[in-house]
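Be aware that the sequence shown starts at 1, since it is given in UniProt numbering, and climbs by one per residue. Heads up, the beta-carbon is just placed ideally off N, CA and C, and yes, glycines get one too.
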Amino acid sequence: MASRFYSLMFVALTGILGIVSPPDLALMTAQAQTTQDSTAEADRLIDQGNQQYSISQFVVALQSYQQALIIYREIKDRRGEVNALRNLGNANYALDKYDKDIEFQMQSLAIAQEIKDRFGEAKALGNLGIAYYALGKYDKAMEFQMQSLEIAREIKDRLGEEQSLGSLGNAYYVLGKYDNAIDYYLKVLEIAREIKDRLGEGNALGNLGLAYNSLGKYGKAIEHYLQRLAITKEIKDYYGEAWSLRSLGITYSDLGKYGKAIEFQLKSLAISQEIKDRSGEGNSLGNLAIAYDSLGKYDKSIEFQLQSLEISREIKDRRGEANSLRHLGNSYYSLGKYDKSIEFQLKSLAISREIRDLSGEMYGLNNLGDAYGEIDRDREAMISYQQALTIAIDIDDRNLEGYAFANLGEVLSKAKRPELAILFYKQSINVREAIRKDIRKLDKDIQKSYLSTVEYTYRNLADLLIKQDRVIEALQILDLLKVQELEDYLKNIKGSNRSAQGVLLLAPEKALSDKLLGISFDNSKEINSQLATQIQLIPKSEINKVPEYLQKIPQGSVLIYPLILSDRLEIILFSPNTLPIHRTVKISKDKLESLIVEYRVELRDSTSEDIKESSKALYDVLLKPIETELVTAKADAILYAPDGILRYVPLAALYDGKQWLIEKYRISNLISYSLFDFSIKPKSKPNILAGAFGGKAGEKKYGQFGLPATLTEVQAIANSFQNSVTLIEEGFSRQAVESQFKDHNILHLATHAEFNNGVPDKSFIIFGNGDKIRLNEISDWQIPNVDLIVLSACQTGTGTLGNGVEILGFGYQVQKAGAKNAIASLWKVNDVGTGALMAAFYSELQKGDVTAAEALRRAQISLIKSGNYKHPYFWSAFFAIGNGF
1 MASRFYSLMF
11 VALTGILGIV
21 SPPDLALMTA
31 QAQTTQDSTA
41 EADRLIDQGN
51 QQYSISQFVV
61 ALQSYQQALI
71 IYREIKDRRG
81 EVNALRNLGN
91 ANYALDKYDK
101 DIEFQMQSLA
111 IAQEIKDRFG
121 EAKALGNLGI
131 AYYALGKYDK
141 AMEFQMQSLE
151 IAREIKDRLG
161 EEQSLGSLGN
171 AYYVLGKYDN
181 AIDYYLKVLE
191 IAREIKDRLG
201 EGNALGNLGL
211 AYNSLGKYGK
221 AIEHYLQRLA
231 ITKEIKDYYG
241 EAWSLRSLGI
251 TYSDLGKYGK
261 AIEFQLKSLA
271 ISQEIKDRSG
281 EGNSLGNLAI
291 AYDSLGKYDK
301 SIEFQLQSLE
311 ISREIKDRRG
321 EANSLRHLGN
331 SYYSLGKYDK
341 SIEFQLKSLA
351 ISREIRDLSG
361 EMYGLNNLGD
371 AYGEIDRDRE
381 AMISYQQALT
391 IAIDIDDRNL
401 EGYAFANLGE
411 VLSKAKRPEL
421 AILFYKQSIN
431 VREAIRKDIR
441 KLDKDIQKSY
451 LSTVEYTYRN
461 LADLLIKQDR
471 VIEALQILDL
481 LKVQELEDYL
491 KNIKGSNRSA
501 QGVLLLAPEK
511 ALSDKLLGIS
521 FDNSKEINSQ
531 LATQIQLIPK
541 SEINKVPEYL
551 QKIPQGSVLI
561 YPLILSDRLE
571 IILFSPNTLP
581 IHRTVKISKD
591 KLESLIVEYR
601 VELRDSTSED
611 IKESSKALYD
621 VLLKPIETEL
631 VTAKADAILY
641 APDGILRYVP
651 LAALYDGKQW
661 LIEKYRISNL
671 ISYSLFDFSI
681 KPKSKPNILA
691 GAFGGKAGEK
701 KYGQFGLPAT
711 LTEVQAIANS
721 FQNSVTLIEE
731 GFSRQAVESQ
741 FKDHNILHLA
751 THAEFNNGVP
761 DKSFIIFGNG
771 DKIRLNEISD
781 WQIPNVDLIV
791 LSACQTGTGT
801 LGNGVEILGF
811 GYQVQKAGAK
821 NAIASLWKVN
831 DVGTGALMAA
841 FYSELQKGDV
851 TAAEALRRAQ
861 ISLIKSGNYK
871 HPYFWSAFFA
881 IGNGF
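Following this line, the structure appears as structure tokens:
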């Protein structure tokens, strides 16, 4: 389970900036229309309330506004009544009493409409939007904000227009529609700059930073936060300065740079303490706690969280108090102190229910279920998860809905109810795929647990389906898992029409799907038995019916999908006109990873004489179990979709005891079969744009060692292909390449490239003049005419090996840009060896009527047969990925 949820309180919603409409300090006094003592007294009370509000004394501010309202009503000052009611609503909002806020705003709105106070009407509508936003009723919130915006434009209130647009942006933000939010924030920024509203300009920049951060565009997020930071220093907005520093710390946490994150949080904390902003101080302390939690320093995390809790209680911030208690419960969970975790989660839950914070209640219930599950209180865990699921559905929180279904699936799997567990897992994945279809990204509340928990769901479901011999369904899940991994890494994945359909339910599953909330732990055994009986009546041929698009795999080709599980390796093999099969290999994940690391060490040592031994060991794990089936299928080509760390293994260099695998099969790596187009054929005549990094051997330029042999490499291409264009060293710039895309169908980039397993911002291709393009920018290239991109000097998995998603990400980004196929290398081969392979590759390509994968295969075989480059270090690093099979 372990899907503990963290709160937006610490992740910076100060709002989202500008979300809370403060009392109208200047307006209140200006609107005094009489010199009568009673009016002056009412105005004084409003001013007094405003001052109390500004220092977070919301309860006494309420009393001041209430007294002012009584006076305004006595003297029949309707405009004053409008403003007093609106401020009463704002104060209730600050106290998390959203229903009371709505009640007062509706009264203010009614009077404003009655007396035709369009300004007051717009303000009340905007505040109603904010209140419904807080209740999670975003459609209603947007409806009120649109009405407020319309009036603001009608009366030419540019500041009001700015605020309404900002609130609409905030609504889109919490819905996960970050691109829409950015559109609104940019409009806010434009107006703020037009009317010289520097505070509003800073807020808009901050909100843009939040949106870009949520899209995984951390560089742009930092850029906007820094711009806001500069403005806050200029206008002496100390609250904004602390917020900006706090947000920068959050982004650096997202980048895994926790030391830098802590540095920014400490700076933010110091400012908040100096200006006596207790709320900001609590937020910074909470962020420090989360950073230390991420470093595994749970005791330190608890220390900061307790300080944050103390502040929340001091300023009577009940929502903040609940969040702190929930975070403390999470830290104790991480320490394995589950009883203590439950104690804090229950306290948090009680407060969330008291203040009717449905989101907080939902997260608390989910966390409570996790803790109950760890101490085998499965009945309580299921009750907690089902209550969380009910709230998630009610408030349309699709992310937590997906998690709750998955957690219930795990409880049922643990309780030996596999058929029901499969159904709950399917529902979880279908929610996840629907979210991707809507291009809705993950809220920051759940980012911490996102990467591990979502992947866990897909793997658990595939595992259960394989055990029941439901192989086609398992294959579909593995394919969706790869799309999900790309989502985790790149955060810009829309999937395909096929993946967007999610997982199909069998007829008995579909019949039960709308009754899942009625399943309890006590009746689940009987219901599972009934479901299992109904599924057994379905013919195996129907359960494992091959989808139409999989039937298009070319004859002679096979699809191989391995799945790494903790205790074994599952291998799924699919070939045309046959049912899929799976083979189980009894090898632990740790043992498999050990074999891969040993193999990689020997692969990258061109003098190693033990390479065939370590290669044969991996061949026996990956290919030997399906040798007979490969022969039966008369396979000559393998479409390979590796899982996790297997992506660092060049399949071509597995040794069967007699020959290398590439000598028997043409091999191409898949991103996923749902993103593969078997109908694409490359253009017959190569038209090549080739660039060389160049430089001198042993000397660095632009932080990279020179690659002098790349000059010879691209010149050889130019000599062989009449229509080629070469770009050398300084002339090999990003602009030069991008300006000539449309004229070429092959891009050959003989330059340094690094694909790291952390975040895409750290993965790049460098050009001869020092320009860079980062991995997450490649998809912006518009190259539908390009058949092939070749990177002849790249390396992947720099640093420690991860799950190889950077390899998957490169293939996806190239394909998304429009290119059909790519060739890259898993490690940097020396200049001369690369030159030899590339010369052989282009020689084969020049013969015509040959795919990139086949030309690469022939080139690799030619090196195997040569004297100097027969070690797989020289030829096996290069692999084909994409559609050009």
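With respect to the 8 Å criterion, residue 221 and residue 277 are not classified as neighbours on the basis of their beta carbons.
Of all alpha-carbon atoms in 416, 410, 473, 419, the one lying nearest the alpha-carbon of residue 454 is that of 410. If you draw a straight line from the Cα of residue 649 to the Cα of residue 879, it is about 10 Å long. Counting the other Cβ atoms within 10 Å of the Cβ of residue 828 gives 16 or more, which makes it buried. For residue 704, the pairing in a beta bridge is given by DSSP as 701. Around the C-beta of residue 38, fewer than 16 other C-beta atoms lie within 10 Å, and the residue is accordingly described as exposed. Annotation: residue 79 to residue 47 spans about 16 Å, alpha carbon to alpha carbon. Distance from the CA atom of residue 264 to the CA atom of residue 382, rounded to whole angstroms, is 40 Å.
Note: residue 660 is bridge-paired with 655 in the DSSP secondary-structure output. Each of 647, 333, 339, 364 was checked against the Cα of residue 348, and the nearest Cα belongs to 364. Straight-line spacing of the CA atoms in residue 633 and residue 559 works out to 11 Å. Annotated as distal: residue 377 and residue 521, with beta-carbon spacing of 8 Å or more. Distance from the CA of residue 835 to the CA of residue 691, rounded to the nearest whole angstrom, comes to 14 Å. Taken in chain order, the complete beta strand (DSSP E) segments of 3 or more residues contained in the stretch 724–798 are 725–728, 746–755, 764–766, 772–774, 788–796. Three or more pairs of CB atoms, one per stretch, sit closer than 8 Å, so the stretch 781–797 contacts the stretch 811–827. For residue 247, the enclosing alpha helix (DSSP H) has its first and last residue at 238–254. Annotated three-state conformation of residue 691 is strand, per DSSP.
Cβ neighbours of residue 304 within its own chain (closer than 8 Å, five residues either side excluded): 285, 286, 288, 289, 292. Taking each of 198, 465, 88 in turn and checking the Cα distance to residue 240, the smallest one comes out for 198.
In the DSSP assignment, residue 264 falls within the alpha helix (DSSP H) that extends over 258–274.
Taking a 10 Å sphere around the C-beta of residue 154, we find fewer than 16 other C-beta atoms and assign the residue as exposed. DSSP places residue 568 outside any alpha helix (DSSP H), giving it a letter other than H or E. Beta-bridge partners assigned by DSSP to residue 637: 557, 666. Nearest neighbour of residue 688 by Cα position, chosen from 699, 694, 713, 702, turns out to be 713. Between residue 748 and residue 766, the gap from beta carbon to beta carbon reaches 8 Å or more. Nearest to residue 132 by alpha-carbon distance, out of 612, 358, 658, is 358.
Around the CB of residue 851, 16 or more other CB atoms lie within 10 Å, so the residue is classed as buried. In the structure shown, residue 547 falls within a coil segment according to DSSP collapsed to helix, strand and coil. For residue 170, the closest of 136, 474, 803 by C-alpha to C-alpha distance is 136. Cβ neighbours of residue 186 within its own chain (closer than 6 Å, five residues either side excluded): none.
By the neighbour-count definition (other C-beta atoms within 10 Å, threshold 16), residue 805 is a buried residue.
Taking C-beta separations shorter than 6 Å and ignoring five residues to either side along the sequence, the partners of residue 656 in its chain run 619, following chain order.
Per DSSP, the beta bridge partners of residue 821 are 788, 882.
For the 8 Å CB-CB criterion, residue 418 and residue 611 do not form a contact.
DSSP places residue 581 in the uninterrupted beta strand (DSSP E) bounded by 581–585. For residue 172, the enclosing alpha helix (DSSP H) has its first and last residue at 158–174.
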